[in-house]
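A.B. asks:
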Amino acid sequence: MNLSIHDSVLLFEKQTRHVDLTVLQNGTFYPKYKSLRSDAVRAVRKAKILESINTSEALDIYQQAYNKYSELELLIDTTAPDVHWARVHFTVRRALQVLLWILSAVASGIISIVLADLF
1287 MNLSIHDSVL
1297 LFEKQTRHVD
1307 LTVLQNGTFY
1317 PKYKSLRSDA
1327 VRAVRKAKIL
1337 ESINTSEALD
1347 IYQQAYNKYS
1357 ELELLIDTTA
1367 PDVHWARVHF
1377 TVRRALQVLL
1387 WILSAVASGI
1397 ISIVLADLF
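Heads up: the sequence shown is residues 1287 to 1405, going by my numbering.
1) Taking just the CA atoms, how far does V1378 sit from I1396?
2) With three or more C-beta pairs closer than 8 Å as the rule, is the segment 1380 to 1395 touching the segment 1340 to 1358?
3) State whether the segment 1362 to 1371 contacts the segment 1307 to 1316, with contact taken as three or more CB pairs (one from each stretch) at a distance under 8 Å.
4) Exposed or buried, what is A1391 when buried is set at 16 or more other beta-carbons lying within 10 Å of its beta-carbon?
5) Apply the 10 Å Cβ neighbour rule to T1365 and answer buried if 16 or more other Cβ atoms are within range, or exposed otherwise.
6) Quick one: measure Cβ to Cβ for H1304 and F1376, integer angstroms, because I've assumed they're closer than 8 Å.
7) What residues in its chain sit with their C-beta under 8 Å from that of Y1316, if we drop five residues either side in the sequence?
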């Protein structure tokens, strides 16, 4: 099996670890992605088991796994702009959450100082 395809899938997973992939393509990307990924992994495992028993069948299953990984890579490549949007969206949301937390901490401190002076 071509390890570069597998590595590109792993790189995609690493880059999108904290990104909500369920928002891509109106929610249809992630189920397709998970299905293709699990089918490919399952096929590779099955082929590894069959290697010592039936080599020709194992090669056929390796070919199926390669095809699944190729479909998965194509799916990832076609949704690259959407993934970039999701990554930016996640980063902006995280920055706003941090900013709001800081503002609420500052506001709480100011209110505590003001109320301490009144009582």
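Where a beta carbon is used, it is the ideal one built from N, C-alpha and C, also for glycine.
Please read all numbers here as calculations on a predicted model, not as lab measurements.
C.D. replies: Based on what the coordinates show:
1) Residue 1396 sits at position 110 when you count from the first residue of the sequence shown. Residue 1378 sits at position 92 when you count from the first residue of the sequence shown. So the alpha carbons of these two residues sit roughly 27 Å apart.
2) Between the segment 1340 to 1358 and the segment 1380 to 1395, the count of Cβ pairs shorter than 8 Å is below three; the stretches do not touch.
3) Short answer: they touch.
4) The residue you call residue 1391 lines up with position 105 of the sequence shown. Its Cβ having fewer than 16 others within 10 Å, A1391 is exposed.
5) Working through the sequence shown from its first residue, we reach residue 1365 at position 79. Burial of T1365 is indicated by the presence of at least 16 other C-beta atoms within 10 angstroms of its C-beta.
6) Sequence index remark: in the sequence shown, residue 1304 carries index 18 (1-based). Sequence index remark: in the sequence shown, residue 1376 carries index 90 (1-based). H1304 to F1376, Cβ: 6 Å. Contact.
7) For the purposes of this step, residue 1316 is identified with residue 30 of the sequence shown, where counting begins at 1. Correct list, in chain order: L1307, T1308, L1310.
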